[in-house]
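Single-structure report; data block below.
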Amino acid sequence: MRLAITRDLSPAIARCQLTHLARQPIDLGRARAEHAAYEECLLALGCQVQRLPAGEEMPDSVFVEDCALVLDEVAVLTRPGAASRRAEVTAVEEALRPYRPTLRIGAPATLDGGDVLRVGKTLFVGLSTRTTAPAVQELERLVAPFGYSVAAAEVRGCLHLKSAATEVARGILLVNPEWTGEWVRGFERVEVDPAEPYAANALLVGETVIFPCAFPRTRDRLERRGIATRLVDVSELAKAEGAVTCCSLVFDA
Ligand code: CIR
Numbered sequence: 001m002r003l004a005i006t007r008d009l010s011p012a013i014a015r016c017q018l019t020h021l022a023r024q025p026i027d028l029g030r031a032r033a034e035h036a037a038y039e040e041c042l043l044a045l046g047c048q049v050q051r052l053p054a055g056e057e058m059p060d061s062v063f064v065e066d067c068a069l070v071l072d073e074v075a076v077l078t079r080p081g082a083a084s085r086r087a088e089v090t091a092v093e094e095a096l097r098p099y100r101p102t103l104r105i106g107a108p109a110t111l112d113g114g115d116v117l118r119v120g121k122t123l124f125v126g127l128s129t130r131t132t133a134p135a136v137q138e139l140e141r142l143v144a145p146f147g148y149s150v151a152a153a154e155v156r157g158c159l160h161l162k163s164a165a166t167e168v169a170r171g172i173l174l175v176n177p178e179w180t181g182e183w184v185r186g187f188e189r190v191e192v193d194p195a196e197p198y199a200a201n202a203l204l205v206g207e208t209v210i211f212p213c214a215f216p217r218t219r220d221r222l223e224r225r226g227i228a229t230r231l232v233d234v235s236e237l238a239k240a241e242g243a244v245t246c247c248s249l250v251f252d253a
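Counting in my numbering, the sequence shown runs from 1 upward without gaps.
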């Protein structure tokens with residue numbers, strides 16, 4: 001069974017962390033409708049969806065991706081870079097415990113799941129404002145016994161590594177070349193349309209990519225490469241600097 005863990009929107013989302021965006025009012029009703037449609041999309045792609053209750057006083061808790069990294073053998077609980085987000089991890093850990101042994105990144109290292117891009121047995125870790133070099137070393141120590149290698153990856157101009165690059169088909173990355181470094185060179189790549197810098201965050205489920213409807217030019221590039229997309233509207237969630245990967249943890253349960 002393929003499981004997608006999601007988390008209900010916090011009523012406090014208006015107080016979310018923002019790094020690169022100016023604060024705008026978020027329509028909670030619309031954001032909830034977007035989130036529900038996103039879950040429908042996961043269901044349509046064959047996932048079972050397990051939605052955790054909202055973290056009432058945790059403005060960013062809908063973005064479950066940042067709390068854990070789920071590998072086939074083990075789940076690594078993170079220590080998010082923003083102090084306001086650290087309490088989010090507890091509920092995610094409880095939800096993952098039936099499915100994987102759990103390990104954790106310890107203080108003072110910090111790591112956001114959005115900074116970890118897995119391609120096969122390699123984990124690229126973005127050195128963003130949220131993720132520190134000691135976290136890269138610690139992650140390596142935790143996952144090396146399972147055969148993973150870990151590589152620090154340059155990222156700039158955006159929140160997380162996966163704002164800049166995601167895998168859209170086996171071994172093919174969708175990238176914003178302005179926000180990534182040399183490390184992407186070894187991969188077959190689709191570049192975002194230059195008019196759509198935020199379009200590199202796509203969620204691959206099976207052989208289909210869940211993709212924001214806000215980026216039609218980049219979507220055309222994907223479809224022309226033979227990559228099937230399924231569109232979702234995440235425009236309210238985008239005001240909280242969220243995108244499609246960050247609202248779920250998808251894995252084989
Ligand atoms: C934050 O700044 O932490 C949230 N407002 C957005 C987190 C988005 N997470 C992700 O892309 N993995």
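C-beta atoms are modelled at their ideal positions from N, C-alpha and C, and glycine is treated no differently.
Helix, strand or coil for residue i, going by three-state DSSP, please let me know.
i	result
A135	helix
V184	helix
D252	strand
E167	strand
L77	strand
Using the rule of at least 16 other Cβ atoms within 10 Å of the residue's Cβ for burial, across every protein chain shown, is residue i buried or exposed?
i	result
K239	buried
D72	exposed
T110	buried
P11	exposed
Just checking residue i against the ligand CIR - is the residue's beta carbon closer than 7 Å to any of the ligand's heavy atoms?
i	result
G157	no
F63	yes
R85	yes
Q17	yes
H160	yes
S235	no
S128	no
T245	yes
E241	yes
D66	yes
A82	yes
Could you give the first and the last residue of the continuous alpha helix (DSSP H) run that contains residue i?
i	result
E276	Summary: the structure shown does not reach residue 276, with the chain confined to residues 1 through 253, and so no result is reported for it.
E94	89-96
A238	235-238
Terminal residues of the continuous beta strand (DSSP E) containing residue i?
i	result
T218	Careful: T218 lies outside any beta strand (DSSP E), inside the alpha helix (DSSP H) at 216-224.
E65	Looking at the DSSP string, E65 is not in any beta strand (DSSP E), and its letter there is neither H nor E.
L161	Run containing L161: none in the beta strand (DSSP E); it sits in the alpha helix (DSSP H), 161-164.
R301	Absent from the structure is residue 301, since the part of the chain shown begins at 1 and ends at 253.
A151	149-153
L203	203-205
I227	Unbroken run through I227: none, as it is neither H nor E.
Give a single yes or no on whether residue i has its beta carbon closer than 7 Å to a heavy atom of the ligand ZN.
i	result
G113	Among the ligands present in this structure, namely the ligand CIR, the ligand ZN is not found.
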